[in-house]
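Counted from 1, the sequence shown has number 34 at position 41 by the numbering used here; the numbering is strictly sequential.
No residue lacks a Cβ here, since even glycine has one placed at the ideal position from N, Cα and C.
To start, the structure itself, in structure tokens.
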Amino acid sequence: MNKAELVKRMAEIAEVPKAAAEKLLDAFMKAVEEAVSKGDKVVLVGFGSFQVVKRAAREGRNPRTGKPIKIPAKKVVKFKPGKKLEEAAQKS
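What follows is the structure in structure tokens.
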């Protein structure tokens, strides 16, 4: 499902125009982005949570040459699905 399909489905479920659904989806994404950029955890009970975690530096290998390379530490966004979302995935 891409963004346009998601907006269409949200509009159907909420019984609002597509433009309103798209505006709300954009607002949701911006709010999550702002929270994550501050290092806050976003928890949506039953759906899941977004949080920033630090990935440690590690050694990897160049797939072409096989030579070891150093992969620097960095922060990444992690999504952990909630119970309801996990259950929905099992039904499919």
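query                                                                                                         : result
Considering just the uninterrupted stretch of the alpha helix (DSSP H) at R2, what are its terminal residues? : -4 to 7
Determine the DSSP secondary structure at F40, reduced to helix, strand or coil.                              : coil
Measuring CB to CB, does K63 end up less than 8 Å from E52?                                                   : yes
Return helix, strand or coil for K84, following the three-state DSSP convention.                              : helix
Could you pull the start and end residues of the beta strand (DSSP E) that K16 belongs to?                    : It is not in any beta strand (DSSP E) - K16 instead sits in the alpha helix (DSSP H) that spans 11 to 30.
In the DSSP assignment, find the beta strand (DSSP E) that holds G53 and state where it starts and stops.     : 51 to 54
Hey, quick one: how far does the beta strand (DSSP E) through P61 stretch, first residue to last?             : 61 to 64
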